[in-house]
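Novice: Protein chains in written order, with our numbering: chain S, 1 to 611; chain B, 1 to 611.
Beta carbons: idealized from backbone N, C-alpha and C, even for Gly.
Values in this document were obtained by computation on a predicted structure and should not be read as measured data.
One structure is given below, represented as structure tokens, and several questions about it will come after.
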């Protein structure tokens, strides 16, 4: 992987920073966050501004350019990748290490007195703006909103914003009509005396209207905003997308009778002026709900007296708690996904000895097997297919220049998932097709013990996910090992593979209690830089459980694994383990039904009960 | 326990709330926090205002009185006790339960529009003032500072503020002179460009000057403030206390040469005007460090531009990390303490069958045995000596009207500790002198498993205590059980038995990473209301450890138990346990040396190795 050459781009950007056409005074520093105007984690090509300026294409990172310096902050998953993708113009800021300054502290240390720090107010979240602005102001600087995005100014061949076809989802999949979702939302609004709710997160809008798009690779969402009042629904979207009669019928756009369930459609860009008009037409008693993490631009349209910011929206929480139809869909999706992966592993076992399988061809083969399954839509994220040392790059994505051949001598880690119309999958398996070393087996077994400790945990209702994180690490810690990422994230149902507001992490920010029906991943790992990576990931469903006692009638919860792909027994130090191999019987049945014989034989052999 | 009759007191308080002598307008609600002007947890009798007004005498709780209502918030440790000590005029607000409103939400729900809520600014912390004020203002009310304390107005026979004799501690005990502590503090101040530091916490001031007092029962502290500049040290204390020549010598008060180590003494009450004068004499570049939790009154003396609030002070952190002399002292104190408790348990075993031992007489006997040990000063907190159902009252203190007789039929829980000149102890043991029930044994064993899981945990440097809390609960959770308190608190060295900034709790607030040399308690429990209570508590020292690997050179930590009192084997379901009984050999030696034969025999019998 060779780094992006950024000298000329930085020169142009610094020139734009001094150009009073964009801001009334020269700007001393310019912040380039990684998100889009919806604070999406995965973004469309037109929004990959941070990648454009520095070369690093991971999912999380913030670049800051000053007259003298260019620095990029990212977390432990990406330290190796970022250092390989950025040239010498850039300093990598390793977040989470004690010696790494925060963006604010760094800016204060390098800026001349009374500096202006610019940022595009549409791609910085309101809460981030607030914190950054406060820190800069207290040091005598100021954070300023630059309306024209300065990256776009220097990005000559920037792609268009996508506008793909929309797909409607029926009740079989969603379990709840969009009208019922609106009614439930309005009930929450009434409870808190809220008059308007502004939805800016793309997955929340897709979930609310039971629609899916393909505007962002891997995420079945579409660019839109929605504003919901007690008697009005406004949807902001490229109007050309609304011509399909089935779609118009789904949204009841042509219904002659107007009611509080009538959707008024507006062009995507008009959200700013419409929200302004709504706020102007109402008194300060009309409170508007908007997420803390919505864009600063849109948040600041709402006068402070009207604004009722929330750390996560009622849609975010409602979406996280899956209903019976969604759970059923997720289960079906995971069965199909397990069939595809069993086929992959049987194929790998046969092909690897020939020396012709690479990280890229293995990933392609995984996609091919998945695509043969019913209602396959696409991948849920770029497949991490990594051999040996590449496995230690936590969010590695194989590229032609890094592509390694699978062999009988190295550990193979594949973290992959798909979007099916009925659900989203995300699974990681770590395999060895020859003989793993004692150290590799030892590490694998610690990771597995952590994985099982979380999956098998019983905990009271109301417990937040961060209280389970250490269970995943205890076996590693005992041997002096650890991993620098969280243990689990929420998973959408035919939606984003990462979603809030719950998860399992040592970070406690915006962590809502786990509830029955929530779906999260359980994915501890261990990474030996320059040598190998191990991660074991299942998607698990939070379910009620009834242990022997019921203290203060609080009730208890545990997890049910949805992922049914077997683990490789030869990677385990079996004396350390007691394991219930639930996956065997379920997947065998499905493989048999589908007549996939080789994969069935592989599965039977791989999942011999541990004696 | 009969509740305090509060009708007449509330009438007088409400009368004072309307009296414009105390505030220019009538006050609609008055808040009575539990602390003193130093935000101490344990307080002197003159500061027990919340107890005076509502009757509840636990260590944590806030009372709020309005025209119509009187409500008192406390946490799970005190639900039973508070409900027994308060009469029908009071509503108990159970903190931590979902249905319990916060103080702010409750006030907003009961107050008429545009209300004034009063509080004494000396006994509310600055951060609490800020939060409360913000919430009330956003609902149209206001929080106002009432300079005269309205409880004192109606408290005719309020005791005097104590002014006990001060004790100096030499280097053998402290390991560091107060001059070296001042130098270290100034180095921290220089690092952060701070010109003045205001110390308001009594234990921090006692630690800084290597002095101890006895102004507050159980806590060897004295009423004082200190303000430290780069060239000046000001100590605010009742000047009558400074006549002792040894004390004057320790503080070098009569040294003829003036230097940056000269202490200037001022009357206790003059801290407000002196701090005002300091702030007036300096520019806005002179930053003043003061803890977020210092009193609102003193914090607001410092103009906002000068103020640099911190969640905990550098003294708090320095005090928490014990040096070699302090660790040695703590170890010696715990050996003496274990000798006293072995004597107690041997005595109890002999006396209980006679039916003459009560909770109070057992507590007295424990104190008697402790007082025979060298350098005993007093107890470190009121002994919790509780039989059967009283054990379920988490911070129970036996009173004549609740006093229960120890018998062969009920569980006995004793949580007690002492102040020795060389260290502070805090230990809980749960015993049965007859035959425990299967359920009692089961619960004891889960609690023990949690206790051991924490004590034996290995974790990376930089880990915060809250990440270990779930280890203490996992065995209980698995059976549907739990306890409604944290797992551990910091312990001072001949100082407060509860101290920050570290601990082990599901609460993540102001939780600093554990460091080698810190000392915390490890005390999971289980409480069966109306039946019994179980708690197992050791004080443990954070020590470095070297597991097999050392991931990213971070280093690992674990705990060394300082408490050496054995656990009762008959309370255990031994098949569930593997335990290293370290305490046996150390304490046997000490009992033998001291010629305490009966206790030695008891210890030998009780700590038979588990087969």
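Which of the three DSSP states is assigned to residue 309 of chain B in this structure?
Specialist: On the second chain, residue 309 of chain B is found 309 positions in, with the first residue counted as 1. Three-state result, residue 309 of chain B: strand.
Novice: Could you list the residues in the segment 501 to 518 of chain S with a C-beta less than 7 Å from some C-beta on chain B, going in chain order?
Specialist: Those would be 506 and 508, in chain order.
Novice: Give me, in chain order, the residues of the same chain whose beta-carbon lies closer than 6 Å to that of residue 26 of chain B; leave out the 5 immediate sequence neighbours on both sides.
Specialist: Here residue 26 of chain B refers to the residue found at position 26 of the second chain. Within the same chain, residue 26 of chain B has close Cβ partners 18.
Novice: What residue ranges within the segment 29 to 86 of chain B form continuous alpha helix (DSSP H) runs of no fewer than 4 residues, ordered along the chain?
Specialist: Entirely contained in the segment 29 to 86 of chain B, the alpha helix (DSSP H) runs reaching 4 residues are, in chain order, 49 to 54 and 79 to 85.
Novice: Of the residues S:71, S:103 and S:438, which one's Cα is nearest the Cα of residue 88 of chain S?
Specialist: Along the first chain, read from residue 1 onward, the residue named residue 88 of chain S stands at position 88. Nearest of S:71, S:103 and S:438 to residue 88 of chain S, Cα basis: S:71.
Novice: Determine the chain B residues that contact residue 345 of chain S at a beta-carbon separation under 8 Å, and present them in chain order.
Specialist: Translated into positions along the first chain, residue 345 of chain S becomes position 345. Per Cβ cutoff of 8 Å: no residues; residue 345 of chain S is ~29 Å from chain B at best.
Novice: Locate the beta strand (DSSP E) running through residue 426 of chain S, then write down its first and last residues.
Specialist: Position 426 of the first chain holds residue 426 of chain S. Where residue 426 of chain S is concerned, there is no enclosing beta strand (DSSP E), given that its DSSP letter is neither H nor E.
Novice: Counting beta carbon pairs with one atom in the segment 225 to 233 of chain S and one in the segment 254 to 274 of chain S, are three or more of them shorter than 8 Å?
Specialist: Yes, the segment 254 to 274 of chain S touches the segment 225 to 233 of chain S.
Novice: Just the C-alpha distance for residue 479 of chain S and residue 467 of chain B, rounded to the nearest angstrom, thanks.
Specialist: On the first chain, position 479 is the one that residue 479 of chain S refers to. On the second chain, position 467 is the one that residue 467 of chain B refers to. Roughly 17 Å separates the two Cα atoms.
Novice: Would you report the Cα separation of residue 162 of chain B and residue 220 of chain B, rounded to the nearest angstrom?
Specialist: Here residue 162 of chain B refers to the residue found at position 162 when the second chain is read from its first residue. Here residue 220 of chain B refers to the residue found at position 220 when the second chain is read from its first residue. Roughly 12 Å separates the two Cα atoms.
Novice: Does the Cβ of residue 426 of chain B have 16 or more other Cβ atoms within 10 Å, making it buried, or fewer, making it exposed?
Specialist: What you label residue 426 of chain B is simply residue 426 of the second chain in a count that begins at 1. So residue 426 of chain B counts as buried.
Novice: Closer than 7 Å by C-beta to residue 408 of chain S: which residues in its own chain qualify, once you throw out the five before and the five after it? Chain order, please.
Specialist: In the first chain, the residue the question calls residue 408 of chain S occupies position 408. Closer than 7 Å at the Cβ level, and outside the excluded window around residue 408 of chain S, lie 352, 353, 433 and 434.
Novice: Pick out whichever of B:116, B:75, B:538 and B:405 has its Cα sitting closest to the Cα of residue 622 of chain B.
Specialist: With chain B running from 1 to 611 in the structure shown, residue 622 of chain B is simply not present.
Novice: Are the C-beta of residue 547 of chain S and some C-beta of chain B separated by less than 8 Å?
Specialist: Within the first chain, residue 547 of chain S is the residue found at index 547, counting from 1. Yes, contact with chain B.
Novice: Among residues of its own chain, excluding the 5 on either side of residue 238 of chain S, which ones have a beta-carbon nearer than 6 Å to its beta-carbon?
Specialist: Here residue 238 of chain S is taken as the residue at index 238 of the first chain, counted from 1. 163 and 268, listed in sequence order.
Novice: Does the Cβ-Cβ distance between residue 295 of chain B and residue 428 of chain B come in under 8 Å?
Specialist: Locating residue 295 of chain B in the second chain gives position 295, where the first residue counts as 1. Locating residue 428 of chain B in the second chain gives position 428, where the first residue counts as 1. Cβ distance not < 8 Å, so residue 295 of chain B and residue 428 of chain B don't count as in contact.
Novice: List, in order along the chain, the chain S residues whose C-beta lies closer than 8 Å to that of residue 121 of chain B?
Specialist: Numbered from 1 along the second chain, position 121 holds the residue referred to as residue 121 of chain B. Residues of chain S passing the Cβ test: none, with the nearest at roughly 25 Å.
Novice: Would you kindly work out how many angstroms separate the C-alpha atoms of residue 128 of chain B and residue 135 of chain B, rounded to a whole number?
Specialist: Here residue 128 of chain B is taken as the residue at index 128 of the second chain, counted from 1. Here residue 135 of chain B is taken as the residue at index 135 of the second chain, counted from 1. Their Cα atoms are separated by approximately 11 Å.
Novice: Would you identify the three-state DSSP class for residue 149 of chain S, choosing helix, strand or coil?
Specialist: Residue numbering aside, residue 149 of chain S sits at position 149 when the first chain is read from its first letter. It is coil, neither helix nor strand.
Novice: Let me make sure I understand the geometry here. Which of S:331, S:438 and S:181 has the alpha-carbon closest to that of residue 419 of chain S?
Specialist: In the first chain, residue 419 of chain S corresponds to position 419, counting from 1. Closest option to residue 419 of chain S, Cα to Cα, is S:331.
Novice: Would you report the Cα separation of residue 150 of chain B and residue 158 of chain B, rounded to the nearest angstrom?
Specialist: By one-based count along the second chain, residue 150 of chain B stands at place 150. By one-based count along the second chain, residue 158 of chain B stands at place 158. Spanning the two alpha carbons is a distance of roughly 12 Å.
Novice: Among B:48, B:132 and B:481, whose alpha-carbon lies nearest the alpha-carbon of residue 34 of chain B?
Specialist: Here the question's residue 34 of chain B lines up with position 34 in the second chain. The option with the nearest alpha carbon to residue 34 of chain B is B:48.
Novice: Which same chain residues end up closer than 6 Å to residue 372 of chain B when comparing Cβ atoms and leaving out the 5 residues on each side of it in sequence?
Specialist: In the second chain, residue 372 of chain B corresponds to position 372, counting from 1. So no residue of the chain qualifies.
Novice: Could you tell me the distance, in whole angstroms, from the CA atom of residue 172 of chain B to the CA atom of residue 474 of chain S?
Specialist: Position 172 of the second chain, counting from 1, holds the residue named residue 172 of chain B. Position 474 of the first chain, counting from 1, holds the residue named residue 474 of chain S. Whole-angstrom Cα-Cα distance: 39 Å.
Novice: Which residue wins for smallest C-alpha separation from residue 196 of chain B, given the options B:274, B:167, B:168 and B:247?
Specialist: Stepping through the second chain from its first residue, residue 196 of chain B is reached at position 196. Closest option to residue 196 of chain B, Cα to Cα, is B:274.
Novice: CB-CB under 6 Å to residue 496 of chain B, same chain, minus the five flanking residues each way: which ones, in chain order?
Specialist: The count along the second chain starts at 1 and reaches residue 496 of chain B at position 496. For residue 496 of chain B, where only same-chain residues beyond five positions count, the Cβ hits under 6 Å are 203 and 219.
Novice: With a threshold of 8 Å between beta-carbons, can residue 551 of chain B be considered close to chain S, or not?
Specialist: In the second chain, the residue the question calls residue 551 of chain B occupies position 551. Yes, its Cβ sits closer than 8 Å to a Cβ of chain S.
Novice: With 16 other CB atoms within 10 Å as the buried threshold, where does residue 543 of chain S fall?
Specialist: To locate residue 543 of chain S, count along the first chain from 1; it is residue 543. Residue 543 of chain S should be labelled exposed.
Novice: Please report whether the beta-carbon of residue 580 of chain S lies at a distance below 8 Å from any beta-carbon of chain B.
Specialist: In the first chain, counting from the first residue as 1, residue 580 of chain S sits at position 580. The predicted model places residue 580 of chain S with a pLDDT of 38, which falls under 50 and marks its position as unreliable; any figure quoted below should be read in that light. Output row for residue 580 of chain S: interface = no.
Novice: Looking only at its chain, what residues have a beta carbon closer than 6 Å to the beta carbon of residue 145 of chain S, apart from the 5 residues adjacent to it on each side?
Specialist: Walking along the first chain from the start, residue 145 of chain S turns up at place 145. These residues qualify, in order along the chain: 121.
Novice: Which word fits residue 489 of chain B, buried or exposed, when buried means at least 16 other C-beta atoms lie within 10 angstroms of its C-beta?
Specialist: Residue numbering aside, residue 489 of chain B sits at position 489 when the second chain is read from its first letter. The residue is buried, with at least 16 neighbouring Cβ atoms inside 10 Å.
Novice: Mind checking if residue 468 of chain S is an interface residue toward chain B, Cβ cutoff 8 Å exclusive?
Specialist: By 1-based counting over the first chain, the position of residue 468 of chain S is 468. Yes - at least one Cβ of chain B is within 8 Å of the one on residue 468 of chain S.
Novice: What residues in its chain sit with their C-beta under 6 Å from that of residue 431 of chain S, if we drop five residues either side in the sequence?
Specialist: The sequence position of residue 431 of chain S within the first chain is 431, counting from 1. Closer than 6 Å at the Cβ level, and outside the excluded window around residue 431 of chain S, lie 412 and 568.
Novice: Is the Cβ of residue 477 of chain S closer than 8 Å to any Cβ of chain B?
Specialist: Walking along the first chain from the start, residue 477 of chain S turns up at place 477. Residue 477 of chain S counts as touching chain B.
Novice: Could you tell me the distance, in whole angstroms, from the CA atom of residue 44 of chain S to the CA atom of residue 316 of chain S?
Specialist: Within the first chain, the letter at position 44 stands for residue 44 of chain S. Within the first chain, the letter at position 316 stands for residue 316 of chain S. Taking the straight line joining both Cα atoms gives about 22 Å.
Novice: Does DSSP put residue 343 of chain B in a helix, in a strand, or in coil?
Specialist: Counted from its first residue, the second chain places residue 343 of chain B at position 343. DSSP places residue 343 of chain B in helix when its eight states are reduced to three.
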